[in-house]
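Just below is one structure, and these are the notes that go with it.
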Amino acid sequence: MLLARAPDEDARTLVNEWFAERVIYDLAADTASAESEGASTHVMARFRVQRIRTDSAGEHVLSADGVPVTVGIYGGTPERRQLLARVRRRVLNGSVGVDTTVSGRATLVEVDPDIRLIDRDRSNNRLVLLRR
Numbered sequence: 038m039l040l041a042r043a044p045d046e047d048a049r050t051l052v053n054e055w056f057a058e059r060v061i062y063d064l065a066a067d068t069a070s071a072e073s074e075g076a077s078t079h080v081m082a083r084f085r086v087q088r089i090r091t092d093s094a095g096e097h098v099l100s101a102d103g104v105p106v107t108v109g110i111y112g113g114t115p116e117r118r119q120l121l122a123r124v125r126r127r128v129l130n131g132s133v134g135v136d137t138t139v140s141g142r143a144t145l146v147e148v149d150p151d152i153r154l155i156d157r158d159r160s161n162n163r164l165v166l167l168r169r
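Going by the numbering used here, the first residue of the sequence shown is number 38, and it counts up by one from there.
Dropping the structure here:
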């Protein structure tokens with residue numbers, strides 16, 4: 038019933054992974070930098086994305102290519118952050134890259150900020166932006 042109500046193919050895939058396949062992800066922030074451009078910030082970041090199916094025989098790493106992933110770009114401090122932009126990209130060659138300009142002073146990036154994917158370790162999903 039839930040699967041039939043999913044609004045699109047991406048949502049149906051997620052519901053199926055949550056309840057039928059026991060799929061988890063290993064998301065991790067690799068690099069993140071920023072360059073101020075007046076009142077805007079040019080943000081560049083890369084995140085590693087692995088898709089892992091678990092069963093009685095163990096873990097099996099699957100390709101995550103094509104999986105849609107959201108990246109949040111924030112201003113402020115990690116404790117009091119303010120969303121500046123939300124960027125959605127599809128995984129390609131096991132990673133997601135962001136290269137965009139946002140209004141405001143960006144200070145932090147985070148992969149899967151809405152916690153749509155079941156992630157093995159959420160502690161490595163965010164990075165403070167290094168200024169260039």
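Each residue gets a CB set at the ideal place from its N, CA and C atoms; glycine is no exception.
Roughly how many whole angstroms lie between the Cα atoms of residue i and residue j?
{"i": "L64", "j": "V148", "result": "7 Å"}
{"i": "A94", "j": "R157", "result": "18 Å"}
{"i": "E74", "j": "P44", "result": "38 Å"}
{"i": "V135", "j": "R123", "result": "11 Å"}
{"i": "S160", "j": "R42", "result": "32 Å"}
{"i": "V133", "j": "E96", "result": "22 Å"}
{"i": "W55", "j": "T137", "result": "31 Å"}
{"i": "R125", "j": "T114", "result": "23 Å"}
{"i": "N53", "j": "L120", "result": "30 Å"}
Would you identify the three-state DSSP class for residue i, choosing helix, strand or coil?
{"i": "L51", "result": "helix"}
{"i": "A57", "result": "helix"}
{"i": "S93", "result": "coil"}
{"i": "E116", "result": "coil"}
{"i": "S100", "result": "coil"}
{"i": "Q159", "result": "Per the sequence shown, the amino acid found at residue 159 is Arg instead of Gln. Helix at R159."}
{"i": "R123", "result": "strand"}
Near residue i, what residues of its chain come up, given a Cβ to Cβ distance below 8 Å and the 5 sequence neighbours on each side ignored?
{"i": "E131", "result": "A small correction: the amino acid at residue 131 is Gly; Glu does not occupy that position in the sequence shown. So the qualifying residues of the chain are R85, V86, Q87, S100, A101 and D102."}
{"i": "T68", "result": "M81, A82, R83 and L164"}
Is the beta carbon of residue i less than 8 Å from the beta carbon of residue j?
{"i": "R163", "j": "L51", "result": "no"}
{"i": "G112", "j": "R142", "result": "yes"}
{"i": "D92", "j": "R118", "result": "no"}
Taking residue i and residue j to be in contact with their CB atoms under 8 Å, please state how far apart those CB atoms are, rounded to whole angstroms.
{"i": "V106", "j": "L166", "result": "At roughly 18 Å, the Cβ-Cβ gap does not stay under 8 Å, so V106 and L166 are not in contact."}
{"i": "R168", "j": "A71", "result": "6 Å"}
Below 7 Å CB to CB, which residues in the same chain sit around residue i once its five sequence neighbours on both sides are set aside?
{"i": "D47", "result": "P105"}
{"i": "L129", "result": "D102"}
Between which residues of its own chain and residue i is the CB-CB distance below 6 Å, once the five residues before and five after are set aside?
{"i": "S140", "result": "S77"}
{"i": "I61", "result": "I89, I155 and R157"}
{"i": "P150", "result": "G109"}
{"i": "R127", "result": "G103 and P105"}
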